[in-house]
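These protein sequence lines are chains F and R, in that order. Take the first sequence: its position 91, counting from 1, is numbered 91 in UniProt numbering, and each next residue is one higher. Take the second sequence: its position 9, counting from 1, is numbered 9 in UniProt numbering, and each next residue is one higher. All residues carry an ideal CB built from backbone N, CA and C; glycine is no exception. Below: one structure, written as structure tokens.
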Amino acid sequence: MERPWKIQNLSLDLDEFERYTDKIKIDRISKLPDALLLQILSFLQVQDVMRVCCVSTRWKHLWKSVPSIDFTEAKIRTTGEFIRAVNKALSNRGGLQIREFRVCVDSDLCQINNVDYWITFVVSHNVEVLYLDCTPDRPVSVNKDKLCLIPQSLYRCQYLHTLTLKFCQMDLPSIFCLASLRKLHLELVEFTNEDLEVLLSNCPSLKYLTLKNCSKYTHLRVFAKNSHNENLNIHEDGLNSETDLLVSAPNLLTLNFSGQSKRERFFGENLKSLVSVNFNFSSTYRHIWDPEDCFLFGQFIDHFCYVKSLKLSNWCILNLSIRAILNLGTSVSNMVSNTVNEATLATRFNKCELAGLVYVLKNFINLGVLILNVVEDVETKFEDILKDEGFYETTYWKPDELSVVGLQQHLRTVAIHGILGSKSFSSTAELVPTEDILDRRRTEFEFVRFLLKNLKELETMFITPTEGLNTFSDSKKLDILFQLSSRLLSLPRSSPNVQVIIRPIQHTGIGINRTQLRL
Amino acid sequence: MATIITKEQQEKEKMVTLVSSDSEKFVVEQKVAEKSHVIKMVMNCCGIESPIPVRRVKGDILKSILEYCEKHSKGEAQEVMEKWDKEYMDKAEKDLVFFHDLMLASHFLHIQELVDLIAVTFAGMLKMKSPEEIRQKFNINNDLTKEQEEHIMTTFGWAFQPI
Chain F
1 MERPWKIQNL
11 SLDLDEFERY
21 TDKIKIDRIS
31 KLPDALLLQI
41 LSFLQVQDVM
51 RVCCVSTRWK
61 HLWKSVPSID
71 FTEAKIRTTG
81 EFIRAVNKAL
91 SNRGGLQIRE
101 FRVCVDSDLC
111 QINNVDYWIT
121 FVVSHNVEVL
131 YLDCTPDRPV
141 SVNKDKLCLI
151 PQSLYRCQYL
161 HTLTLKFCQM
171 DLPSIFCLAS
181 LRKLHLELVE
191 FTNEDLEVLL
201 SNCPSLKYLT
211 LKNCSKYTHL
221 RVFAKNSHNE
231 NLNIHEDGLN
241 SETDLLVSAP
251 NLLTLNFSGQ
261 SKRERFFGEN
271 LKSLVSVNFN
281 FSSTYRHIWD
291 PEDCFLFGQF
301 IDHFCYVKSL
311 KLSNWCILNL
321 SIRAILNLGT
331 SVSNMVSNTV
341 NEATLATRFN
351 KCELAGLVYV
361 LKNFINLGVL
371 ILNVVEDVET
381 KFEDILKDEG
391 FYETTYWKPD
401 ELSVVGLQQH
411 LRTVAIHGIL
421 GSKSFSSTAE
431 LVPTEDILDR
441 RRTEFEFVRF
451 LLKNLKELET
461 MFITPTEGLN
471 TFSDSKKLDI
481 LFQLSSRLLS
491 LPRSSPNVQV
501 IIRPIQHTGI
511 GINRTQLRL
Chain R
1 MATIITKEQQ
11 EKEKMVTLVS
21 SDSEKFVVEQ
31 KVAEKSHVIK
41 MVMNCCGIES
51 PIPVRRVKGD
61 ILKSILEYCE
71 KHSKGEAQEV
81 MEKWDKEYMD
91 KAEKDLVFFH
101 DLMLASHFLH
111 IQELVDLIAV
121 TFAGMLKMKS
131 PEEIRQKFNI
141 NNDLTKEQEE
151 HIMTTFGWAF
161 QPI
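Spelled out as structure tokens, the structure:
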């Protein structure tokens, strides 16, 4: 009797069987060509490369040809053995190119001539990516410590395209050119302003510049005049009193500020190409709120009201709120922007922050996309300051007020990420009635209600609930989502076409899907 | 997949037909196929009218590669692409044989982004592992003599310290 299906089944089984045995027995990875194995190894730290190269004769010699040498995670970085290990890794190279060289070394233990030798060596091997971190294993004070001096050979490296230097000192030669350099990251590097200008003018291809805690105690002046200087990041921690920050870069497209800058004055010159600015200032608990600062930040932000996209951290929103509540700035300068099209704001949705949010809505008259990222509620001294200044809850901005004159009407898209606040709810929250959980976040609903009621052109509102909901059991989570949706959908709207869309909870941070937003 | 495409249609949408080693046919947009430098060069000199045989690559591998190329020819936001790449790799690395063939094929077709992505994933499998663990995972036969092994261990002792 013919049973074709049976035969077919059998052959399929055999095929599967072969595949299975294939999988468990045959060493396929060793048969890959050298080029691919070296590429795999180039993504590993030196200690991992060494372990892999100890598995068989096929692998034994590969370590000498791996194009990248990465010592940044070696555990022995504070001992003399480390110096020997780096020397050994370099000395067996022959003439092969060293594409990447990354090393962290303690400046206290490493003699300068070692670093000199390494850099001179990799430069002679046409290095393209160089990472040198000399930060010692202890608290540092830039004024007293001797910084590691970068050897002159570095400035002759014509293939270098990414350079990272930490805790170093630069002594620029009179004539040099880093023709291929595209990314430059300097951290705890001290230089005079003339030096920085000379350095930048001798890097004709430089596109990304990051300055982290450089020239903290003196004025910082960044003159980036080359046509490729498109991206500038400035990060500063701690206090810098009575110093200025000046940026002059006619071709700059994006500018990011982070840290806790307290520079006294900011000057922006010749920033006519600037498209997007990110104010990611933060503050610690110890940071003392000072209404005077807020006034300064308000002036600071005025310099940038002609850009297209603006991102403000929670610290900035608090500052704008104080400015709005205390009515600072309105009499001095009138920050009205008709260019900002996209604003991304981080807010705790604390009731006193609403004033800052409305301030943005009122003053950016051509805003098209508003993205609100809800951050965790932390205690600040913000409320205390307002109290000291004689302001109480009654003077906060409230959604019911009719003070929305001049509220711009171009806003078409609003996205709120992480509604309902905190990252994780306590274990007892499971027993709290859903209504109470939602009621605790009343300001969020009130603000959403305010937006829906007043934005006549609104087309879409995306709502993403907080990741914290994942800490609940599935049934509780569903109950919360149902009640949340029901509340949001029942809010009255002024725009007939507005769609309120609840998006799935995201696990990986706050991802803003630009393409989705534009649809 | 084996639909007949007229010449006019091909020109309008700039479609190209690729044929795998086991004669499976794939019709994709020209810009998708161009992600492979090798296919791009072949298209430049031979045109896209007739199907292009990709003899060294099997159907299931070519299908997966084209899926990657199609996603990467759309120009989506970086975060979206990173997430997609991660999911794509999570799926591919489950079957080592398939993963291995995927790497060889993308190397052969010169799709550098994909080779890099696979190399990073491979490197992740080798990271923080002892030589014995690596041998077991990839069925590598240890043919080093005792002396050779000891020599490496003593010369680079620091790398073999407990992780």
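With the criterion set as a beta carbon lying under 8 Å from some beta carbon of chain F, the members of the region 134-158 of chain R are Ile134, Arg135, Phe138, Asn139, Ile140, Asn141, Asn142, Asp143, Leu144, Gln148, Glu149, Ile152, Met153, Thr155, Phe156 and Trp158, in sequence order.
In this model, Val54 (chain R) and Lys308 (chain F) are separated by some 47 Å (Cα to Cα). For the beta strand (DSSP E) assignment, the uninterrupted runs of no fewer than 3 residues enclosed by the region 168-209 of chain F are, from N- to C-terminal side, 183-187. Going by DSSP, Asp133 (chain F) is part of the beta strand (DSSP E) stretching over Val129 to Asp133.
Against Ile501 (chain F), chain R offers no close residue; the least beta-carbon distance is about 17 Å (beta-carbon pairs closer than 9 Å). Leaving aside the five residues that flank Ile118 (chain R) on each side, the residues in its chain whose CB is nearer than 6 Å to its CB run, in chain order, Met103. Residue nearest to Leu232 (chain F) within the set F:Phe279, F:Arg263, F:Leu188 and F:Thr192 is F:Phe279 (criterion: CA-CA distance). When DSSP reads this structure, Met461 (chain F) sits in a beta bridge with F:Val414 and F:Val500.
Among the residues of the region 84-111 of chain F, those with a Cβ less than 8 Å away from any Cβ of chain R are Ala85 and Lys88, in the order of the chain. By the CB criterion at 7 Å, Ile140 (chain R) and Ser30 (chain F) fall inside the cutoff.
Taking the C-beta atoms as reference points, Thr192 (chain F) is found no nearer than 7 Å to Ser153 (chain F). Here Glu459 (chain F) really is in contact with Gln499 (chain F); their C-beta atoms are around 7 Å apart, less than 8 Å.
A contact between stretches requires three or more CB pairs, one per stretch, nearer than 8 Å, and the region 83-91 of chain R fails this requirement with the region 33-50 of chain R. Per the coordinates, the alpha-carbon of Tyr68 (chain R) lies some 12 Å from the alpha-carbon of Lys86 (chain R). If you draw a straight line from the Cα of Thr466 (chain F) to the Cα of Ile419 (chain F), it is about 5 Å long.
Using a C-beta cut-off of 8 Å, the region 169-179 of chain F makes no contact with the region 94-111 of chain F, since fewer than three inter-stretch Cβ pairs fall below that distance.
Not flagged as an interface residue toward chain R: Asp195 (chain F), since no C-beta distance is shorter than 7 Å. Around the Cβ of Asn373 (chain F), a 10 Å sphere holds 16 or more other Cβ atoms; the residue is buried.
Going by beta carbons, Trp84 (chain R) and Lys74 (chain R) fall outside the 7 Å limit. In this structure, the beta-carbon distance from His61 (chain F) to Gln97 (chain F) does not fall below 7 Å.
Not a single CB atom of chain R sits nearer than 7 Å to the CB of Phe462 (chain F). Within the region 56-70 of chain F, Ser56, Thr57, Arg58, Trp59, Lys60 and Trp63 place their CB atoms closer than 9 Å to a CB of chain R, listed in sequence order. With a threshold of 7 Å between beta carbons, His37 (chain R) makes no contact with chain F. In terms of CA proximity to Ala343 (chain F), F:Val358 leads the group F:Val127, F:Val358, F:Asp133 and F:Leu491. Phe447 (chain F) counts as buried, since at least 16 other C-beta atoms from the protein chains shown sit within 10 angstroms of its C-beta. Rounded to the nearest angstrom, the gap between the Cα atoms of Lys127 (chain R) and Ile134 (chain R) is 9 Å.
DSSP links Asp244 (chain F) through a beta bridge to F:Arg265. In the three-state reduction of the DSSP assignment, Phe279 (chain F) falls in the strand class, which pools E and B.
For the C-beta of Lys91 (chain R), not a single chain F residue is nearer than 8 Å; the gap to the nearest is close to 16 Å.
Across the set F:Val222, F:Asn213, F:His185 and F:Asn226, the C-alpha of F:Asn226 shows the shortest separation from the C-alpha of Asn202 (chain F). At a cut-off of 7 Å between beta carbons, Leu44 (chain F) contacts chain R. When Cβ-Cβ separations below 7 Å define contact, His100 (chain R) makes contact with chain F.
Taking 7 Å as the CB threshold, Phe108 (chain R) stays off the interface with chain F.
Only exposed fits Glu242 (chain F), as fewer than 16 other CB atoms lie within 10 angstroms of its CB.
A distance below 8 Å between beta-carbons, with the five flanking residues on each side excluded, links Pro250 (chain F) to the following residues of its chain, in chain order: Lys225, Asn270, Leu271, Lys272 and Ser273. Measuring C-alpha to C-alpha distances from Leu370 (chain F) to each of F:His417, F:His235 and F:Leu130 identifies F:His417 as the nearest.
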